[in-house]
Structures are given as structure tokens and as C-alpha cells.
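Visitor: Each residue of the sequence shown is one higher than the one before, counting from 1 in full-length UniProt numbering.
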Amino acid sequence: SGLLFGSLCAPTALTCARRLTRQGSHKYQTEGAPNNGYYLIPLYDRGDYTLRVEPPAGWVFEPAAVDLHVDGVTDPCSTARDINFVFHGFSIVGKVVSHGQDEGPAGVQVQLQDAQGHILQTTHSAEGGSYAFARILPGQYTLVASHPLWTLGRSSTSVTVKDDNGSPAEDLVVAGYDVHGEVFGEGDPVRGVHFVLASADARAPPPRVGCDLEPPRGFKLPTGLHFLCAVTSGENGQFVFPAVPPGSYQLLPFYQAERIAFDITPRQALFSVRHGGHRFPDRFQVRGFSVSGWVRVSEAGTGVPQAEVFLDGRKVATTDDTGAFHLENMKAGQYVLQVRAPGMTFDPFPVRVSPNTPELPAVLASQFEVCGTIEGSARRIVIEGAQAPLAIVSDSSGKFCTSLGAGRYILRPFVSKEEEGLRFVPSELTLDVPVSKAPAFARFKAEIQGRLSCLGECGLGLRVSLRMASVPEQTAQVQPDGSFLFSGLTVGQYWLSADHPDWCWEHEGGMPHTVDVAVSSATLRQVGFRVSIVSSHATHVEVMHADGTSLSLDVPAGPSQHCLPKPGVYTLQPAGCHEFREKKLRFDTSQPAAITFSVARHSLGGVLIAEENVTDLVVTATISGEPATQVVPSAPVKHGGDRFLYRFSLMLAPGAVAELVPRSGRLLFSPPALPIVGGDDCADEVARFEGRIGLFVDGRVSPPLGGVRVVVRDLAGRQPQVVTESDTAGRFLVGPLDSESKYDVQASKEGYVLRPLDKLGHFEAFKYAEVRVSVAAAGQPLAGVLVSLSGATDYRNHSRTQQDGRVRFPNLSPGNYFLRPMMKEYSFTPASKMLTIGEGATVELAITGERVAFSCLGWVSSVTGEAEPGVSLEALGEGHCQGHQEEALSDSQGAFRLRGLLPNCTYQLQLKAAGPAAHVERAEPPRRQLQVTNSDLTDIRVIVFRHFNQLDVTGQVITDAKHLPGLKVRLVSEEAPEQALHTVSLGPGGFFVLPAMTRDGRAYCLQLDGVGGGSCFRANATHRHVTLRHAPPLPHAHADLEALARPSLLALPVAAAVLLAGYHASRLLGLATDAATALRALLRQLGGGADARRRAKTRRS
1 SGLLFGSLCA PTALTCARRL TRQGSHKYQT EGAPNNGYYL IPLYDRGDYT
51 LRVEPPAGWV FEPAAVDLHV DGVTDPCSTA RDINFVFHGF SIVGKVVSHG
101 QDEGPAGVQV QLQDAQGHIL QTTHSAEGGS YAFARILPGQ YTLVASHPLW
151 TLGRSSTSVT VKDDNGSPAE DLVVAGYDVH GEVFGEGDPV RGVHFVLASA
201 DARAPPPRVG CDLEPPRGFK LPTGLHFLCA VTSGENGQFV FPAVPPGSYQ
251 LLPFYQAERI AFDITPRQAL FSVRHGGHRF PDRFQVRGFS VSGWVRVSEA
301 GTGVPQAEVF LDGRKVATTD DTGAFHLENM KAGQYVLQVR APGMTFDPFP
351 VRVSPNTPEL PAVLASQFEV CGTIEGSARR IVIEGAQAPL AIVSDSSGKF
401 CTSLGAGRYI LRPFVSKEEE GLRFVPSELT LDVPVSKAPA FARFKAEIQG
451 RLSCLGECGL GLRVSLRMAS VPEQTAQVQP DGSFLFSGLT VGQYWLSADH
501 PDWCWEHEGG MPHTVDVAVS SATLRQVGFR VSIVSSHATH VEVMHADGTS
551 LSLDVPAGPS QHCLPKPGVY TLQPAGCHEF REKKLRFDTS QPAAITFSVA
601 RHSLGGVLIA EENVTDLVVT ATISGEPATQ VVPSAPVKHG GDRFLYRFSL
651 MLAPGAVAEL VPRSGRLLFS PPALPIVGGD DCADEVARFE GRIGLFVDGR
701 VSPPLGGVRV VVRDLAGRQP QVVTESDTAG RFLVGPLDSE SKYDVQASKE
751 GYVLRPLDKL GHFEAFKYAE VRVSVAAAGQ PLAGVLVSLS GATDYRNHSR
801 TQQDGRVRFP NLSPGNYFLR PMMKEYSFTP ASKMLTIGEG ATVELAITGE
851 RVAFSCLGWV SSVTGEAEPG VSLEALGEGH CQGHQEEALS DSQGAFRLRG
901 LLPNCTYQLQ LKAAGPAAHV ERAEPPRRQL QVTNSDLTDI RVIVFRHFNQ
951 LDVTGQVITD AKHLPGLKVR LVSEEAPEQA LHTVSLGPGG FFVLPAMTRD
1001 GRAYCLQLDG VGGGSCFRAN ATHRHVTLRH APPLPHAHAD LEALARPSLL
1051 ALPVAAAVLL AGYHASRLLG LATDAATALR ALLRQLGGGA DARRRAKTRR
1101 S
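#1: Is the separation between the beta-carbon of VAL464 and that of LEU524 shorter than 8 Å?
#2: Quick one: which unbroken beta strand (DSSP E) runs of 3-plus residues sit fully inside the segment 890-952? Chain order, please.
#3: Do the segment 612-626 and the segment 651-658 touch if we need at least three Cβ pairs shorter than 8 Å?
#4: Identify whether VAL734 lies in helix, strand or coil by the three-state DSSP scheme.
#5: Taking only the alpha-carbon atoms, compute the straight-line gap between VAL183 and ASP395 and give it to the nearest angstrom.
#6: Apart from the five residues just before and just after THR906, which ones in its own chain have a Cβ nearer than 8 Å to its Cβ?
#7: In the structure shown, what three-state DSSP assignment does THR793 receive?
#8: Given a cut-off of 8 Å on the beta-carbon distance, is the pair GLY94 and TYR44 in contact?
#9: Short of 6 Å in beta carbon distance, which residues of its chain neighbour HIS147, apart from the five on each side in sequence? Order them along the chain.
#10: Can you grab the Cα-Cα spacing for the pair SER416 / ILE374, in whole Å?
#11: Would you tell me roughly how many angstroms separate the C-alpha atoms of PRO501 and LEU422, rounded to the nearest one?
#12: Look at the alpha carbon of TYR141 and the alpha carbon of HIS118, and state the distance between them as a whole number of angstroms.
#13: Tell me the DSSP secondary structure of CYS454 in three-state form.
#14: What are the complete beta strand (DSSP E) segments, minimum 3 residues, inside the UniProt domain "NOMO fifth transthyretin-like" (392-433)?
#15: Looking only at its own chain, which residues have a Cβ that is under 7 Å from the Cβ of GLY166, when we skip the five neighbours before and after it?
#16: Please report the straight-line C-alpha distance between ASP936 and TYR39, rounded to a whole angstrom.
#17: Within the same chain, show all residues whose beta-carbon is closer than 6 Å to that of PHE809, passing over the 5 residues directly before and after it, in chain order.
#18: Whose CA, out of LEU857, VAL517 and GLU611, lies closest to the CA of ASP738?
#19: State the start and end residues of the unbroken beta strand (DSSP E) segment that holds PRO350.
#20: Figure out for me which residue from THR322, GLY735, GLY293 and VAL297 has the closest Cα to the Cα of VAL316.
#21: Got a sec? Which residues, its chain only, sit under 7 Å from LYS767 by beta carbon, not counting five neighbours each side?
#22: Return the CA-CA distance between ARG755 and LYS749, expressed in angstroms with no decimal places.
#23: Rounded to whole angstroms, what's the CA-CA distance from HIS562 to ASP684? Just pull it up for me.
#24: Judging by CA-CA distance, which residue of ALA169, HIS278, PRO222 and THR232 is the nearest neighbour of SER248?
#25: Would you call ARG1024 buried or exposed, if buried means 16 or more other Cβ atoms sit within 10 Å of its Cβ?
#26: So, are the CB atoms of PHE644 and VAL619 less than 8 Å apart?
#27: Check this for me: beta carbons of GLY407 and LEU452, under 8 Å apart or not?
#28: Contact defined as beta carbons within less than 8 Å: I believe ARG296 pairs with LEU364. What is the distance between those atoms, to the nearest angstrom?
#29: Mark CYS1016 as exposed unless 16 or more other C-beta atoms lie within 10 angstroms of its C-beta, in which case mark it buried.
#30: Report all residues from its chain with a CB closer than 6 Å to the CB of GLY128; omit the five preceding and five following residues, and keep chain order.
#31: Does ASN356 pass the burial test, meaning 16 or more other C-beta atoms within 10 Å, or should it be called exposed?
#32: For HIS124, name the three-state secondary structure that DSSP assigns.
#33: Grab the span of the alpha helix (DSSP H) containing THR79 for me, first residue to last.
#34: By alpha-carbon positions, which one of ALA469, ARG52, LEU873 and GLU844 ends up nearest to LEU857?
#35: Can you tell me where the beta strand (DSSP E) holding VAL286 begins and where it ends?
#36: Tell me the start and end of each unbroken alpha helix (DSSP H) in the segment 476-527 that is at least 4 residues and wholly inside, in chain order.
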């Protein structure tokens, strides 16, 4: 048996928890405790169950049901874990109705808002207009409706939820629905068409919004109809009445414009509006207009007279003096419009003609002719303007022509990368098209006169390089006076550089120089001598010249180059937080060589921040393999007003580990110790310690009570807990402790409840109360009754009555408790009890039990009388008890007990189909009828039969008798064919028998050892006979082997008879086992004799 316990977090005790089997049979029902919703359900059998909560309609619990597999080990019953059903709220049910109707539409969005207007939930109305919100807690709410197309008459209402489901004060109302349509003419939308909404019902209300309440001018309403409102089609030919109430209507189109009138079909349309919008499935059509246009030089230019106008290649008009033209008797459609005029070019373009376009867009001249000249032949000129750039090429005489549209353009000669430096004058021209003067372009060349400026003598043999992108590099010899010359240059950007790598120049990498005049000058200046330094880490280097002058270099990690300002010998010494292996190095500018620095140790720093200025502060650094060193921090400085900051540092090699431990007589440090690892660089603050003055907990128990166990625990878990006891005066003292931590102080003593007071460490002591329960049935004590007591502050206890029918609940705090007795097959009076317990009180409660159901007791055994444990049985009710089911599992002695059988019921006792006893095949008899009266059924014996799980494999190899002695049969698994499970030799006549196998349903194969091929079978029967055939490629046999291979004529019929009996082993299991055993013995004897003869033959040989 076991227990299921949890809580029903509901506001009332109207909910119940129900235990069902997975098949739906009702097993148990209980209610949650009224004070805290706690429930308890006893379980007597292992198995699968469903635990379901059944609250009033509209109340929401999660989960609604829990599937439970009770195995006695990992399930909540066996591990004492709660199964909680959490109450999430009530429901709100309402309706959205149409104006004047009792029902409404689907699809209206309804929002649930709290008193502050926050949106809590959103839903949409269903068919008929109903909507609902679940998981609603008590409070005041507002319901707000909305729809993207429909107009709401009442869009909000209020609802109050208290202790049950809520209903809105009023229905939400849709005032009207959208009515859509469209009007087209010759396939194009028509704007400006009026649509009049009318009704034969004089009481029909007009739409509230979105339409004109006056009929259009010139419209006459037919007799018998009443005008409601009117709308007009838009640019897309669509019209809409946004808020039409439910009803029957007629729609009448009307269109009359200046100098044009149209005939529209249909003339009127009947339709109805119910709980949704209406869209006219067919378009209104405008049947069987003049179109005007203009031809201009530009958008704001003058018109082009006498221009010919063509539509789809057919001339249809000629422009007048203003450039205007008219097209008569047009039909709506798509056309290609083209204009021709002398001296201008017009692009053809498509136009759509429709009733909505009485005027065509202006036709503008697209291009004008422009001509010019450029020095040279076949030169390309790029033209940039409002459109994409255009490139044209001049002819052999340098003349070029093109056509351009009206506007401003920039003409620029194109120079390729191979011609970099080629310059034209002007470099570009700005033209306003049409132009009055033809553009023209020309070109020229330049030279550079330069000089070297050295810190000493420049010397002979220096050369200067001149570079330009995409142009081969040029060099010039430096003259004794330091001058150099480059001539015949094109215009462009150049870079000048001297070829002395050990000197520093004013422009490293080359001095830029722009050539844009005929003659230009340039000076290359030496600014120092180059020194190459390779350093493992970034550092500062102090550089001292032989004449006493010095400078400082910032050297990065890795290789770097620096400049020294004058010639001579220098001394380089690293400085900073690193400790280098090289203390000082020498460098001579006349014999330059690379300088290398490598780091041995780095400086690592730390800080200590203390609440008090102390003089005994010291940091102990312990490095593996070295003696501990004492590091004295620097003098403190004020930090944060009332605290003091100390700094310390030490040198540490990369990878070395040092443990830092700060010490002081009055301070507690956090952390108390800190390991640091030497890194690959210096660090200012790798360790940080906080020093705080210790904290003491001065506690007291009132009234004074000695021997109280007190536990002081660091809530953050950074320090070990401290345990002490109060003295006879109820006092205790704990400390010093870390003042920055928060602590939890707990006090306990058997038989007392100690309630913490507002001050840390102070407690008020109360003596526990006690509840004593006695349970009797038929005047006799009833043992084994489960009594559940819950209440106070999350108190829960479940205990069983002893042989005297009594159970005690000691150590109870004052408060309200809920008590419930439970035992299968019994009902109790009272069924539950609320108890109010005062401090130190003892409450006695007597409970009477009555037997309401009975048990079936018996045992499960095999046909030989041996106990069969782990067999699952079930009793299924019949007749008026149908649907009632109980189950049990036999124990290690085969005994079982089916509890809870109702009196005057008939049950069928049988094996449970999904039970855990897979080794049991059937029971005999399969079913047994149980008739329950008013007493237990005893001495019920159930006989079960196990599955036969053995497989015997026999076989024969068909081949020439002379080959039999050299063959063996291998058994392999199909899953691992390379590994032999058994290997057996052949007996007389090629027969063989394998050792007994387990009938596991897997696939196996028999193979002749060393010979390909074989036969496979599945181990799902009691016997398998396999025949293998062997056909050797070349017959070569020795006469002696033939004699040894001949089987005894007496053995053949015996082996055949035994194999025949084995073939029928599925029906004669015992006979098959005996026959297989005899056959194995016989084959071993025969095989042994053959082996003896073979050995004798070998000795004779």
C-alpha cells in the first residue's frame, strides 16, 4: 500500500479528487480539506491509475488529471512527493449580439482588462456571439470588444467575479456591418459613382457613421423606397457602407459628371445583412467618352506644334499651335502612344484609357543632338546627368556626337588605368541641353626637381624611387649635392622614397607628391637611425646616448622599429612592471643589430579594503616550491568615506601559483584566502579582499529555557554553520561572524515550538499540543487505520493505528487542524473532523468504523504446487456491479489479497492482461466466479502455467561420406556473423545436434566451418531441423579417411527415429527433451569411437 498526498488550492471545499484506473474504473473519491485544500488517497496495490480533480463547471484547476504509475520505488507515493492541483480561477461567459437581435456574429475580438486598464486576456466570439474567459481570479474587470470592419454600439461592459463564475452586466452590441462592392468600366475601376442605400421598411434605422445622409444632387428615389444614406466609389472603384444594421435593403447606383453621363448595370440590387458583412459578388459595370493630351519640349516647356500623334502605330491626331490634341470615341483599354516631330525624339510609351482618365499625361521630348571635339582620336567621353552615365567615342578627327534629353550634364574625358596621369584641360565641362556652344578638350606633361636632407653626409650611391599606381617604378641617382630629377611625368599622385633601410625618414613608406603643374619641387628628410626591438611583452625602454642625453621608448609586444635621433652608441634598459632576463643592452648606429627582451616575471597587485585602520595587516604569499613570504601593504588611504584601502604587489613567473592569505587581529576577510596564477602580463588588481569587523549574535529564549539547540547558518553558504545551546537563563552568544553576510538563526527543542521574534536570535517558546485518536469497529479496536492530520503551518502527518486502535500526534503547534481516517473496506464516523488546538492542549477523539467491503484471499502456484510470485490478478464486477474492478499482485510466497469487494456482488477472477508476470502463459481455469456476501473469501487457489522457453536444433549435412570427418557446423547470430556461438562435429550420416538454445525470437545462421553458404532460422519455436548441402570442388579423399567416415548401419535408424521424435517436440515437449539428450550422448559415443580409431591409425602411420 502507499499514500498519495497533495493540495487543492481552491477557495472553497467544493472540489473533489477522484482515483480511477487507466481503464476508467472508479477506485476512490475524497474532498479537499476546507482549511487548506489538502487531500489524501490510500493506495493498496501497485499499478497504473489516473488522479482527476472534479470542480464545479467553469472552475479551472491545473493539471485536470495526473496519470500515475505506482511501482513502489520511484512513484510519488513511494517517494513522499505531493501531487498538487492548483486552482487558477473562475470563468466569465458572455455574448456579443447584433443590434436588435438575441444572437451575434463570430470573430469579434473581446479583451479582458483589469481595473487599471491592463489587458489580461483576448479572445474572439464564437458562432452565435458567445465568448468565454477562463482562469479568472476574484476582482473587478472590464470587457472591451473591437472589430477591424464592424461598428460597435456597445463596445464595453463590466463584470465582477467573487466566489463563482462571473456574468457581464450587459451584452456587447454590434451596431452595424460593412457592405462592400466595386464599379468598373471596360475592366477599369470608376471613381465618383454614387450608391444609394434604401429600404422598403420606413422604420429601418439609417447607418450611424460612414455615409451621407443627403441623397446626391439630381437623384430621384423610386416609389415605395425610403432613403437611408449614400456613399461614393473611390479611385479603385470600390465603395463601402461601414455600419449597416441587420435587415433587408436595396442598393441603387447613380453617376453623372461634367460633360459626361454613364449607364450602370444593374440598376438596383437587393441584399440582406445578418450577423456579418456583405460583399456584392458581381461588379457594377459602366457601359459605353473623349480624351485630351499635350506634347511639350519639357515638363515646364512650351508645346510642340504640328507634331503627329500615333496610337498603336495608327495616326490619330496632329497637335495645334499649343501642342494640344484630342481623341474622340474612345473605349477603355491599353494603347501605345507615339509622337513624331522634326529635330526631336519622342519615346513611345503605353497608356491606359478609361473613364477615370479623361486627360492623358503630357508627352515630352526625350532627346536633343549634342556634338564636340577632343584632342586625339578614338577617345571615350563619359556623360553624366539625371540618367545613368553615358559613354561615347570620338572619330578619327576627334569629333563626337550624341543625343541627350533636356537638362544639365557633365562631360568628362575617360582616362584608363594604363593612362594614369594623362590630364585633359578642362577636366570636365557642364552643359545645359540644348547647347549653344560645342564642347572641346586638350592635354599636357610635367617634371619633379628634388633634394635629400641627411643628418650627416648623405654619401654616394643613394637612389630615389618614384612610384605611381599602375605605372612602372622609376629611379633616379642622387647627385653629390643631394639633388635628383624626374621628368616627362603625367599629372597624378606619386610617392618618393630613398633606398637606405637603416635610416628613418620624415615620410616612412614614401613621401606623397602631387604633380599638377609643369615643374614641382620635393625634399626627402632623414629624421633618425632605425633600431629593431623584439620584446615578449609591451614595456618602456630607457635609452641613454654616450653623450649623456636620454629618451624613453614605448615598446609593444613582438617586433617593432624605433628611431634614434642622432648617430653614436646607445644603452637600452627596460623599465616597468616586468622583470626581464636582459637588464641592459648596447646599440651602435654604425653597426645596427636587432635588440631582444624576454620577460622572466610579472608584477601582480592586489587591494585590501578594511572598515578600520589597523597596523598589524600583512599578506602571506605561499608559492609552490618556495618558502612563504610576507608582503606588507602600503600605507592606507581613505576609501569611500569611512573605509581604508591598502595596496600590495609581488612578482610572479607565468604559470606559478601563489596562495594569498591576509591576516589581522580585528578583521575578518572575504575571501579568507585566494590563490592566484601568474599570467602572461602584469595586472594591477588580481586579488581583492574585504576586511570587516566581526559580528556577534546575542540571543535569548523567552520565557527562559535551557538546553535549546541553536544553529546559526550563513544564508549564502559561504561559512560553516555554528551550533550552540542556550544556558539556564535562555541566553546564548555566537561570534565573531562575517558582518556582511545575512544569517538564519534556528532554535529547536523536543516538545516545544520556538517562534522567532523580530530581533535576530530572539525566540518565544511554546509547549507543543497533542491529538490522541482511538478507532474501534464492532466494539473492538481497529488496527491499521490510516489517520491523516493536516493544518497549522504546512503541517502534515499520516500514521496508522496500533493493535490497540490508537494513534498519537505529538508536538503540535496551536492552530486549526483537519483530521480524516481512511482504510479500505471501512467507512468511519465521523468521516472527517476540524480541530482547534490551543497551546499545550491534549485533544481526545474517538472514531467508529464499519465494514462496508470485503476481501478475497488466496495464493498463486504452479501445477506442481510451487509458489508463483509477481502474478497480477484482477476481479471484474458483473451485473449491477459492472464497472467495479479490483486488482492484486502475489507476494514472494504466492499469496494475494483482493480488497474492496462489494457485498452482494459477483466478480470474475482472472489474470490481468497487462500484468508484470511475462513468464506466466495462462491460468487454469482461465476465469473463476467469486460470489461476495458479507464476509471475506479465503483459500482461493489459482494455478498458472509458465511459457516453455527452450529451442532444440538438429540437422544433417548432405555430402559424400568421405568428406564428413573434416566438416564442422558453426552457429552464429545474424547480428554478429563473425563470432561463433557454438561449433559441433558431425555424427553418423552427417547428423548433428546443437546444445539447447533460448527461444528468444532472434535470427541465427548455421554454417559449415571454412565453407561458404549456410541456412538461417528464427528462434521462435521449440524445435528446428536444418539441412546443409556440401559440394566440394575437387574430390580428393584418402582410403583410410573413407573407412573412418563410414557410419554404423545400426546408428542411422536410431538417429533418424530420435530426430523424428524431436521434430514433434512442440507437442511432446518432455519426449523431445529426452530424445535430444539421448541423441547427443549417442553421437558423442560414436564420435569418440571414431576419434579413437583415428588416433590409432595415426599411431600406426
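Beta carbons: idealized from backbone N, C-alpha and C, even for Gly. As the structure is a computational prediction, the values presented were derived from the model and not from experiment.
Guide: Straight from the coordinates:
#1: Cβ distance < 8 Å, so VAL464 and LEU524 count as in contact.
#2: Counting whole runs of 3 or more residues, the segment 890-952 contains the beta strand (DSSP E) stretches 895-901, 905-911, 920-924, 927-932 and 937-946.
#3: Touching, per the Cβ criterion.
#4: Of the three classes helix, strand and coil, the one that applies to VAL734 here is strand, per DSSP.
#5: Taking the CA atoms as reference points, VAL183 sits about 60 Å from ASP395.
#6: The residues are GLY877, GLU878, GLY879, CYS881, GLN929, LEU930, GLN931 and VAL932.
#7: It is coil, neither helix nor strand.
#8: Cβ distance not < 8 Å, so GLY94 and TYR44 don't count as in contact.
#9: Cβ contact annotation for HIS147 (same chain, cutoff 6 Å, sequence separation greater than five): VAL108, in chain order.
#10: For SER416 and ILE374, the distance between alpha carbons rounds to 16 Å.
#11: Going from the Cα of PRO501 to the Cα of LEU422 covers about 33 Å.
#12: Distance between the alpha carbons of TYR141 and HIS118 is about 10 Å.
#13: Reduced to three states, the DSSP call for CYS454 is coil.
#14: Runs found: 399-404, 407-413, 423-425 and 429-433.
#15: Closer than 7 Å at Cβ, skipping near neighbours: PHE90, ILE92, ILE136, VAL159 and THR160.
#16: Cα-Cα distance, rounded: 29 Å.
#17: Cβ neighbours of PHE809 beyond the five flanking positions: VAL771, LEU789 and ASN797.
#18: Of all alpha-carbon atoms in LEU857, VAL517 and GLU611, the one lying nearest the alpha-carbon of ASP738 is that of GLU611.
#19: Counting along the chain, PRO350 sits inside the beta strand (DSSP E) bounded by residues 349-353.
#20: Of THR322, GLY735, GLY293 and VAL297, the residue nearest in Cα terms is GLY293.
#21: Hits under 7 Å: GLY751, TYR752, GLU839 and GLY840.
#22: Near 12 Å, if we compare the C-alpha coordinates of LYS749 and ARG755.
#23: Each residue's alpha carbon lies about 28 Å from the other.
#24: Closest in C-alpha terms to SER248, from the list ALA169, HIS278, PRO222 and THR232, comes HIS278.
#25: It counts as buried.
#26: Against a cut-off of 8 Å, the Cβ pair of VAL619 and PHE644 comes out as no contact.
#27: No. Outside cutoff.
#28: ARG296 to LEU364, Cβ: 6 Å. Contact.
#29: Exposed, by the Cβ-count rule.
#30: Counting only Cβ-Cβ distances below 6 Å, and skipping sequence neighbours, we find GLU103.
#31: Sixteen is the threshold: when 16 or more other Cβ atoms of the shown chains lie within 10 Å of the Cβ of ASN356, as they do, the residue is buried.
#32: In this structure, DSSP gives HIS124 an extended state, which the three-state scheme calls strand.
#33: For THR79, the enclosing alpha helix (DSSP H) starts and ends at 76-79.
#34: When each option's Cα is compared against that of LEU857, the closest is LEU873.
#35: Counting along the chain, VAL286 sits inside the beta strand (DSSP E) bounded by residues 284-287.
#36: Whole alpha helix (DSSP H) segments, 4+ residues: zero.
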